[in-house]
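Student: Sequence positions in the sequence shown follow my numbering and run 7 to 284.
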Amino acid sequence: MPVYCLENSCYRGQAINTPPAADGKSAFTWPALIEVDRGTPPIRTFCKIYPEEPARKDLVNELIGYLGLEAFELSTPKRAGFIEIGVDQIPKNTPEWVNRNQSQVAWWTEAVDGPSLKGRFKVDDNIDPSLCAHRMAKARSTLLGRRDFIAKVIVADDVLANIDRNLGNLIAHTGGYVLIDNGACLTGPIWNASTLNASGLYYNIIKEFLEPEIRSLDFSRSMIKAKVDMSAKLAPLITEVNKWLFIVDNEDDRSAIIPFISERLNGAGMNKRLGFVL
Ligand SMILES: Nc1ncnc2c1ncn2[C@@H]1O[C@H](COP(=O)(O)OP(=O)(O)O)[C@@H](O)[C@H]1O
Ligand SMILES: [Mg+2]
């Protein structure tokens, strides 16, 4: 699906009948209506703005992560992109770090109907530890029951260096899962050409969550198959990413993205990083 860049006239306000997103720690996310295609009814989306410190790359990460998951044929929200949010369109309840005196660029994704895994299994930071352990165990066995899918997620997160694939970022939908929130791809919110290390061992939440069960021959086979499938899809991904590199301000950073992804996918290091049982 194409990524859209929309003007603020496409923004149609907060969506009142969608529950507000409470997850955000480093970003502010809210449900909103957007007229994606002129003259058609607005669609339900989630809009997200990030702090503006110059070194941050969150919006770049959202885009590259989205393109990566699309190319690798993992389910993502159908439509997504950037939108300008004018000063008088910024929601009232923003955290302090949002500069309300200037317009903001938000990343938006089409709303997916369904609970996140975090919501489905009611795991949050505030519940009793023993109850939490029980619910976590249920969430683990659910994911382990979808071996090929979850192997693919682990490999994609490794390739894209997404360090934040937590249970809030997998939305249950029509019998499968849709992947959202790629703001922490490419090793996290702050990176530059010199810190992107293709052989680096970056945090892979789902892999950690499913240890040690993923250390089986069957699971390794699924991960290796995922890697081979994704390698075949690298060339079209590079073509897509190339079209968007202009959004990265710094030339060195811009040139670092494709070699990083290519090397992580096709270099020799993945076996070790993901602990394939060969
Ligand atoms: N496209 C979407 N469809 C459904 N729910 C979404 C979507 N985007 C965000 N959400 C909800 O909003 C929450 C926060 O959005 P997310 O992009 O994960 O931001 P954060 O970086 O704050 O975790 C998600 O955990 C999910 O509950
Ligand atoms: Mg999230």
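We treat Cβ as the ideally placed atom computed from N, Cα and C, and that holds for glycine.
#1: Count the CB pairs spanning the stretch 182-198 and the stretch 103-122 that are closer than 8 Å, and state whether there are at least three.
#2: For TYR183, which of helix, strand or coil comes out of DSSP?
#3: At what residue ranges does the stretch 255-280 contain a whole run of the alpha helix (DSSP H), taking only runs of 4 or more?
#4: Among the residues of its own chain, which have a CB less than 6 Å from the CB of TYR209, if the five just before and after it don't count?
#5: Can you give, in chain order, each stretch of the alpha helix (DSSP H) that sits fully within the stretch 76-134 and has at least 4 residues?
#6: Would you check whether ligand 2 has a heavy atom nearer than 6 Å to the C-beta of ASP187?
#7: Give me the Cα-Cα distance between SER136 and ALA157, rounded to the nearest whole angstrom.
#8: Between ILE133 and ligand 1, is the CB less than 6 Å from at least one heavy atom?
#9: Give every residue of the same chain whose Cβ lies closer than 6 Å to the Cβ of ALA21, excluding the five residues on either side of it in the sequence, and list them in chain order.
#10: Classify ALA190 as helix, strand or coil using the three-state DSSP reduction.
#11: Helix, strand or coil for LYS231, going by three-state DSSP, please let me know.
#12: Under the three-state reduction of DSSP, which class applies to TRP197: helix, strand or coil?
#13: Taking 6 Å as the cut-off, is the CB of THR35 close to at least one heavy atom of ligand 1?
#14: With respect to 6 Å, is the separation between the Cβ of ASN107 and the closest non-hydrogen atom of ligand 2 below this value?
#15: Is ALA232 buried or exposed, if buried means 16 or more other CB atoms sit within 10 Å of its CB?
#16: Decide yes or no for the touch test of the stretch 95-107 against the stretch 230-247: beta carbon pairs closer than 8 Å, at least 3 of them.
#17: Report all residues from its chain with a CB closer than 7 Å to the CB of ILE220; omit the five preceding and five following residues, and keep chain order.
#18: Using 10 angstroms around the beta-carbon of PRO47, count the other beta-carbons present and answer buried if the total reaches 16, otherwise exposed.
#19: How big is the Cα-Cα spacing for SER226 and ALA162?
#20: Relative to ligand 2, is the shortest distance from any of its heavy atoms to the C-beta of GLY174 smaller than 6 Å?
#21: Please classify ASP154 as buried or exposed, where buried requires at least 16 other C-beta atoms within 10 Å of its C-beta.
Tutor: On the basis of the data shown:
#1: yes
#2: strand
#3: 257-272, 276-280
#4: ILE169
#5: 123-126
#6: yes
#7: 28 Å
#8: no
#9: PRO37, ALA38, LEU39, ARG50
#10: coil
#11: helix
#12: coil
#13: yes
#14: no
#15: buried
#16: no
#17: LYS213
#18: exposed
#19: 14 Å
#20: yes
#21: exposed
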